[in-house]
Structures are given as structure tokens and as C-alpha cells.
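Everything on this sheet refers to the single structure shown next.
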Amino acid sequence: MTVPLGVTPSELRNTAQYLAYVSNDMKAVQSALMQMLSGEGEAWGHDKIGRQFADGAKGYKSQRDWVDGSITAKTDLLDYYADGLYLTADALEQQDKP
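Just so you know, we're using numbering that gives the first Met the number 0 here: the sequence shown kicks off at 0 and counts up by one.
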């Protein structure tokens, strides 16, 4: 026996709202983290060991930028999904109108 699959515009909007909430929450954490890190300044020296730690493809600065970009990509994706769900909910409601 098969179970019917269905979704209502209201359910789509609720999911979209949740995704937008998660995205905004992640953006707030990201912003607070980046502000905190920039306020701390550079914790390493400018000698050879400090440059090895901070610079280069696997250095602190590159990794920090990678994490920042990854979070931005994920929040952009959540926003895209949320927008799509809102548009789908509107389209479904329009289809139901006589």
C-alpha cells in the first residue's frame, strides 16, 4: 500500500521561514566570530615561524577565509531554498484559484 505524498503552501512557508531563521542565525554567529577575531589582532609574530603559521595555502589566514567563505556559501544556499519555497507556495495557491 502506498502512502500519499503531499504538502500545503502553509507547510512550505513554515519550512522556508525556518530555513531563513537558520540562515540569519548562522550569519549572526559568523559576524560575531569575525568581529571577535579581527578585534584580537594577529596573535603570531612576524618572524619565520609566525609567517609559516599565518601565511600560505594551509596557513591560518587562508583557513579563516575558507571558513568564512564556506559559511557564506551555506547561508546563501539556505536563502535560495527559502526563496524557492516561498515562490512555490505562492504558485501552488495561484493554481488552486478558479
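Every residue, glycine too, gets a C-beta built ideally from N, C-alpha and C.
Problem - Inter-residue spacing [alpha-carbon to alpha-carbon] between residue 83 and residue 60 - result: As a first step, residue 83 must be located in the sequence shown, where it is residue number 84. As a first step, residue 60 must be located in the sequence shown, where it is residue number 61. About 35 Å.
Exercise for the section: List the whole-angstrom C-beta distance separating residue 88 from residue 12, where the pair is believed to meet the contact cut-off of C-beta under 8 Å. Expected result: Within the sequence shown, numbered from 1, the residue matching residue 88 stands at position 89. Within the sequence shown, numbered from 1, the residue matching residue 12 stands at position 13. Confirmed, about 5 Å.
Handout entry: Cβ of residue 62 within 7 Å of any chain B Cβ
Key = Included in the structure is just one protein chain, with no chain B present.
Exercise for the section: Please classify residue 65: does DSSP put it in a helix, a strand, or coil? Expected result: Stepping through the sequence shown from its first residue, residue 65 is reached at position 66. In this structure, residue 65 counts as helix in the three-state DSSP scheme.
Exercise for the section: Quick one: using the 10 Å Cβ neighbour count with 16 as the cut-off for buried, is residue 22 buried or exposed? Expected result: Counting from 1 along the sequence shown, the entry for residue 22 is found at position 23. Classification for residue 22: buried.
Exercise for the section: With a cut-off of 8 Å on the beta carbons, I'd call residue 53 and residue 43 a contact; round off their distance for me. Expected result: Position 54 of the sequence shown, counting from 1, holds the residue named residue 53. Position 44 of the sequence shown, counting from 1, holds the residue named residue 43. With 8 Å as the limit, residue 53 and residue 43 qualify as a contact, their Cβ atoms being about 5 Å apart.
Practice task
State buried or exposed for residue 74, treating a residue as buried only when at least 16 other CB atoms are found within 10 Å of its CB.
Solution key: The residue you call residue 74 lines up with position 75 of the sequence shown. Classification for residue 74: buried.
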